[in-house]
Amino acid sequence: MQKDLSQIFRDNLNISEEDLKEAQRIKAEKGGDFGEILVTKKMITERQFLEALSIQYDMPFWPELPLEKYKTDFTDNVPIQFLKKYIMVPLISETQPSGFEGKLNDKDRQNSKENIIEYESVIAVNNPAYIQPMDDLIRILGCHDVKLVLSTKDAILFAINISYDLSRDSAEQLVQDMEEDGSSIISEIEERADLLDDISDAPIIKLVNHIISQSVKARASDIHIESYQDSFKVRYRVDGILYDLLSPPKWVQPALISRIKVMAKMNIAEKRLPQDGRLDVKIGHQEIDVRVSTIPTSFGERVVLRLLDKSGSLISLSDLGLKSDKLDLLENLVRSPNGIILVTGPTGSGKTTTLYAVLSSINKPDINIITIEDPIEYQIEGINQIQVNPKINLTFAGGLRSIVRQDPDVILVGEIRDKETAEIAVQSALTGHLVFSTLHTNDSASAITRLVDIGVEPFLISSSILAVVAQRLVRVLCQDCKEAYTPDELALRSIGIANDQSQKAVIYRAVGCENCFHTGYKGRTGIFEMMILDSSLKSLILKTYDSNQIKNEAVSRNMITLREDGVQEVLSGISTIEEILRVTQK
Numbered sequence: 043m044q045k046d047l048s049q050i051f052r053d054n055l056n057i058s059e060e061d062l063k064e065a066q067r068i069k070a071e072k073g074g075d076f077g078e079i080l081v082t083k084k085m086i087t088e089r090q091f092l093e094a095l096s097i098q099y100d101m102p103f104w105p106e107l108p109l110e111k112y113k114t115d116f117t118d119n120v121p122i123q124f125l126k127k128y129i130m131v132p133l134i135s136e137t138q139p140s141g142f143e144g145k146l147n148d149k150d151r152q153n154s155k156e157n158i159i160e161y162e163s164v165i166a167v168n169n170p171a172y173i174q175p176m177d178d179l180i181r182i183l184g185c186h187d188v189k190l191v192l193s194t195k196d197a198i199l200f201a202i203n204i205s206y207d208l209s210r211d212s213a214e215q216l217v218q219d220m221e222e223d224g225s226s227i228i229s230e231i232e233e234r235a236d237l238l239d240d241i242s243d244a245p246i247i248k249l250v251n252h253i254i255s256q257s258v259k260a261r262a263s264d265i266h267i268e269s270y271q272d273s274f275k276v277r278y279r280v281d282g283i284l285y286d287l288l289s290p291p292k293w294v295q296p297a298l299i300s301r302i303k304v305m306a307k308m309n310i311a312e313k314r315l316p317q318d319g320r321l322d323v324k325i326g327h328q329e330i331d332v333r334v335s336t337i338p339t340s341f342g343e344r345v346v347l348r349l350l351d352k353s354g355s356l357i358s359l360s361d362l363g364l365k366s367d368k369l370d371l372l373e374n375l376v377r378s379p380n381g382i383i384l385v386t387g388p389t390g391s392g393k394t395t396t397l398y399a400v401l402s403s404i405n406k407p408d409i410n411i412i413t414i415e416d417p418i419e420y421q422i423e424g425i426n427q428i429q430v431n432p433k434i435n436l437t438f439a440g441g442l443r444s445i446v447r448q449d450p451d452v453i454l455v456g457e458i459r460d461k462e463t464a465e466i467a468v469q470s471a472l473t474g475h476l477v478f479s480t481l482h483t484n485d486s487a488s489a490i491t492r493l494v495d496i497g498v499e500p501f502l503i504s505s506s507i508l509a510v511v512a513q514r515l516v517r518v519l520c521q522d523c524k525e526a527y528t529p530d531e532l533a534l535r536s537i538g539i540a541n542d543q544s545q546k547a548v549i550y551r552a553v554g555c556e557n558c559f560h561t562g563y564k565g566r567t568g569i570f571e572m573m574i575l576d577s578s579l580k581s582l583i584l585k586t587y588d589s590n591q592i593k594n595e596a597v598s599r600n601m602i603t604l605r606e607d608g609v610q611e612v613l614s615g616i617s618t619i620e621e622i623l624r625v626t627q628k
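Its first residue numbered 43, the sequence shown is counted upward by one per residue in the working numbering.
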């Protein structure tokens, strides 16, 4: 007799009656799976949920899957979409996969050791309720004595991606194949005006698909296709750093670029002028929005593809990397009734992500929020978003002028680029609106100088701006390979760490492993400098707009600089001295 899931949650996971009743209420109102509601509401973890299902269905739970023990030849018969839709993966071995038990902890080994050794064919599932799809998969594979096991969604999706990657040619192999048969491919391309007429097995199409998919899997934000005299290079940017991906032969360049331009609905005949376009691609369960930009160079067109994962959820304020005191300060600021809050930093420093997190935190039915952006990077439910379009004269200034007649409470201006936009933003703030925007300056104090430089009067700046937040993104140390060490005195002095600080903390350096592509880093977090315009700073701005004087005054009033915030990341073991110096170099 199958055990009741609610009782398992009570007995084995100590879930309170209040949480169970709340989950039941949500299920009654909106439907859905009872256990998944608890996971979504963060009352339990996915692992705890699967452990409860393991008890209910009397099915082993494998937190990791022993991929090295199994074949991947099922990829020819089973569509990847089918496995990803139902989150299941077959593990088929020719020999009994003994020895895997060493990878599990004691509790998991006790549950699954005998099962691993006894069964040759295993299907890992995330939801044991998908009985029909499991039967279909067993029939397609033609397996007997199949053992069903539970595993996490991430482990199963990773196994699926790895299996189908291993069964496909690499981008490097495609280039080698093209080199062996180059002349026929060139003639084939020259015969067709539209590369979309090519069959899906065409080498150029496969190469473009591989470049994009490999970049997405490496968590790249951009792909660069760079033209040189006798060669061209494909690079991608991961965590803010460019890495070489591929160096195909020069003759592949025009066909590769033409293919990308066709996908982005750009003019493939125009190679003398810069062009912009966009395309959508789907890689497994990820939907990627790709912005394409081309410029002419001496040796052919240069192309940059900006990758944006639309399936990724917006991060919250607490996920930005703000320390608790700065987080409290920012949460108070964004609830101000009027004024301007500026976020500054160079391109790619995470300004837009911060502003989206801010808007999400204040997005309520009783607040009218309107944005004007270039481009709209994320669609936020409940917020009216306008895309800048210079072709029809819809500029930041023109759009902002119309927005203020739409009775907004909060306005987001993607970027203040000129005097007209700045003046309308200031007037909006002075007439009772809360305005968010970005500026391209190196630190918070320089924002004041920049506004004066484009023509805004100092008295308007001091009366309208609430705060300026400068930010940078620093790479986070890979948790699998980071190494503790004692830095020398010169390194400590260069970043401003006192000896007593270093003795109290453990400082790490980057090493590199397979999990982080041998970079030593995995992911990024923000460091911040928040300059609040109090009465002292406002008085100073009326007298001078010299950024050095403004910064010195702000520091004297306890402002934490970008470098000082970065030091805290080093002392906390999150990043390295070299990384903080790289992004905050004076």
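Glycine included, each C-beta is placed from N, C-alpha and C at the ideal position.
Because the structure is a prediction, the values reported are computed rather than measured.
I'd like to know whether the C-beta atoms of Ala526 and Tyr550 end up nearer to each other than 8 Å. Position 484 of the sequence shown, counted from the first residue, corresponds to residue 526. Position 508 of the sequence shown, counted from the first residue, corresponds to residue 550. The answer is yes: Cβ separation under 8 Å.
Distance, Glu106 Cα to Gly141 Cα: Translated into the one-based positions of the sequence shown, residue 141 becomes position 99. Translated into the one-based positions of the sequence shown, residue 106 becomes position 64. Annotation note: pLDDT 39 at Gly141 (below 50); position unreliable, coordinate value reported separately. Their Cα atoms are separated by approximately 14 Å.
Could you compute how far the alpha carbon of Leu55 sits from the alpha carbon of Ser48? Residue 55 sits at position 13 when you count from the first residue of the sequence shown. Residue 48 sits at position 6 when you count from the first residue of the sequence shown. Near 10 Å, if we compare the C-alpha coordinates of Ser48 and Leu55.
Could you check what DSSP says for Lys275 in three-state terms: helix, strand or coil? Position 233 of the sequence shown, counted from the first residue, corresponds to residue 275. Strand at Lys275.
Residue span of the alpha helix (DSSP H) that contains Asp318, given as start and end: Counting from 1 along the sequence shown, the entry for residue 318 is found at position 276. From DSSP, Asp318 is part of no alpha helix (DSSP H) but of the beta strand (DSSP E) over Gln317 to Ile325.
In the DSSP assignment, the alpha helix (DSSP H) including Lys393 goes from what residue to what residue? Locating residue 393 in the sequence shown gives position 351, where the first residue counts as 1. Element bounds for Lys393: Lys393 to Ile404.
Please give me, in chain order, every unbroken run of the alpha helix (DSSP H) with length at least 4 that falls completely inside the stretch 473-526. 486-495 and 500-506
To the nearest angstrom, how far is it from the Cα of Leu629 to the Cα of Ala439? Within the shown structure, residues of the chain are numbered from 43 to 628, placing residue 629 beyond reach of any answer.
Below 8 Å on the Cβ atoms is my contact criterion, and I expect Ile445 with Ile414 to pass it. Report the Cβ-Cβ distance as a whole number of Å. In the sequence shown, the residue the question calls residue 445 occupies position 403. In the sequence shown, the residue the question calls residue 414 occupies position 372. Indeed they touch by this definition, with Cβ atoms about 6 Å apart.
Could you tell me whether the Cβ atoms of Lys313 and Glu268 are closer together than 8 Å? Here residue 313 is taken as the residue at index 271 of the sequence shown, counted from 1. Here residue 268 is taken as the residue at index 226 of the sequence shown, counted from 1. Not closer than 8 Å, so no.
Report back the beta-carbon spacing between Gly456 and Asp416 to the nearest angstrom; my notes put them in contact at under 8 Å. On the sequence shown, residue 456 is found 414 positions in, with the first residue counted as 1. On the sequence shown, residue 416 is found 374 positions in, with the first residue counted as 1. Yes, Gly456 and Asp416 are in contact; Cβ-Cβ is about 5 Å, under 8 Å.
Residues bridged to His266 (per DSSP): Here residue 266 corresponds to residue number 224 of the sequence shown, with the count starting at 1. DSSP lists Arg277 and Val346 as partners of His266.
Apply the 10 Å Cβ neighbour rule to Gly77 and answer buried if 16 or more other Cβ atoms are within range, or exposed otherwise. Walking along the sequence shown from the start, residue 77 turns up at place 35. Buried: at least 16 other Cβ atoms inside 10 Å.
Distance check for Leu62 and Met85, CA to CA, integer angstroms please. Within the sequence shown, numbered from 1, the residue matching residue 85 stands at position 43. Within the sequence shown, numbered from 1, the residue matching residue 62 stands at position 20. Distance between the alpha carbons of Met85 and Leu62 is about 9 Å.
At a Cβ threshold of 8 Å, is Thr87 touching chain D? No chain D appears in the structure shown, which is made up of a single protein chain.
Less than 8 Å between the beta carbons of Leu442 and Ala467, yes or no? Counted from its first residue, the sequence shown places residue 442 at position 400. Counted from its first residue, the sequence shown places residue 467 at position 425. Yes, the pair counts as a contact, with Cβ atoms nearer than the cut-off.
Segment limits, alpha helix (DSSP H) that includes Ala297: Within the sequence shown, residue 297 is the residue found at index 255, counting from 1. Element bounds for Ala297: Gln295 to Met305.
For the stretch 520-593, list the alpha helix (DSSP H) runs that are entirely contained and at least 4 residues long, ordered along the chain. 531-537, 541-546 and 577-585
Using CA atoms only, rank isn't needed, just tell me which of Pro338, Thr473, Ile602 and Thr567 is closest to Gly282. Sequence index remark: in the sequence shown, residue 282 carries index 240 (1-based). Considering only alpha carbons, the answer is Thr567.
Which of the three DSSP states is assigned to Tyr285 in this structure? To locate residue 285, count along the sequence shown from 1; it is residue 243. In the structure shown, Tyr285 sits in a strand (DSSP, three-state: E or B).
What do you get for Pro316, buried or exposed, if any count of 16 or more other CB atoms within 10 angstroms of its CB means buried? Here residue 316 refers to the residue found at position 274 of the sequence shown. Pro316 is exposed by the Cβ-count criterion.
Can you grab the Cα-Cα spacing for the pair Ser366 / Met572, in whole Å? Within the sequence shown, numbered from 1, the residue matching residue 366 stands at position 324. Within the sequence shown, numbered from 1, the residue matching residue 572 stands at position 530. When rounded, the distance between both Cα atoms is 13 Å.
In the DSSP assignment, find the alpha helix (DSSP H) that holds Thr82 and state where it starts and stops. The count along the sequence shown starts at 1 and reaches residue 82 at position 40. Taken as a continuous stretch (DSSP letters only), the alpha helix (DSSP H) holding Thr82 covers Phe76 to Thr82.
Just the C-alpha distance for Arg624 and Val430, rounded to the nearest angstrom, thanks. The residue you call residue 624 lines up with position 582 of the sequence shown. The residue you call residue 430 lines up with position 388 of the sequence shown. Distance between the alpha carbons of Arg624 and Val430: 33 Å.
Can you pull the DSSP bridge partners for Gln427? Walking along the sequence shown from the start, residue 427 turns up at place 385. Partner(s): Thr413.
By Cβ distance, which residues of its chain are closer than 8 Å to Asp485, with the 5 residues on each side in sequence left out? On the sequence shown, residue 485 is found 443 positions in, with the first residue counted as 1. Cβ neighbours of Asp485 beyond the five flanking positions: Thr386, Ala512, Glu571, Ser589, Lys593, Thr603 and Leu604.
Can you tell which of Ile299, Lys83, Ser273 and Ile57 has the C-alpha that lies nearest to the C-alpha of Ile246? Your numbering for residue 246 matches position 204 in the sequence shown. Considering only alpha carbons, the answer is Ile299.
Length of the line joining the Cα atoms of Ile569 and Arg279: For the purposes of this step, residue 569 is taken as the residue at position 527 of the sequence shown. For the purposes of this step, residue 279 is taken as the residue at position 237 of the sequence shown. Whole-angstrom Cα-Cα distance: 20 Å.
Return the bridge partner residues of Ala166 from the DSSP annotation. By 1-based counting over the sequence shown, the position of residue 166 is 124. Answer by DSSP bridge pairing, in chain order: Val131 and Val191.
Would you say Lys524 and Val548 are within 8 Å of each other, going by their C-beta atoms? Counting from one through the sequence shown, the residue named residue 524 turns up at place 482. Counting from one through the sequence shown, the residue named residue 548 turns up at place 506. Not a contact, by the Cβ cut-off of 8 Å.
Cβ-based burial, His35 [other Cβ within 10 Å; buried from 16]: As shown, the chain starts at 43 and ends at 628. That puts residue 35 outside it, with no answer to give.
Here's a check: name, in chain order, each residue in its chain whose Cβ is nearer than 6 Å to the Cβ of Ile337, leaving out the five neighbours to either side. Taking the sequence shown and counting its residues from 1, the one referred to as residue 337 is at position 295. Only Pro316 and Arg344 meet the Cβ criterion.
Quick test of your reading: Asn168 and Lys195, contact by CB under 8 Å. State the CB separation rounded to the nearest angstrom. Numbered from 1 along the sequence shown, position 126 holds the residue referred to as residue 168. Numbered from 1 along the sequence shown, position 153 holds the residue referred to as residue 195. Indeed they touch by this definition, with Cβ atoms about 5 Å apart.
Sequence-distant residues of its chain with Cβ nearer than 7 Å to Ser340 (five each side left out): On the sequence shown, residue 340 is found 298 positions in, with the first residue counted as 1. So no residue of the chain qualifies.
The alpha helix (DSSP H) that contains Ser255, what's its start and end? The residue labelled residue 255 in the question sits at position 213 within the sequence shown. Taken as a continuous stretch (DSSP letters only), the alpha helix (DSSP H) holding Ser255 covers Pro245 to Lys259.
Please go through the same chain and pick out, in chain order, the residues whose beta-carbon is closer than 8 Å to the beta-carbon of Pro631, but skip the five residues on each side of it. Here the chain covers residues 43 to 628 and nothing more, so residue 631 does not appear.
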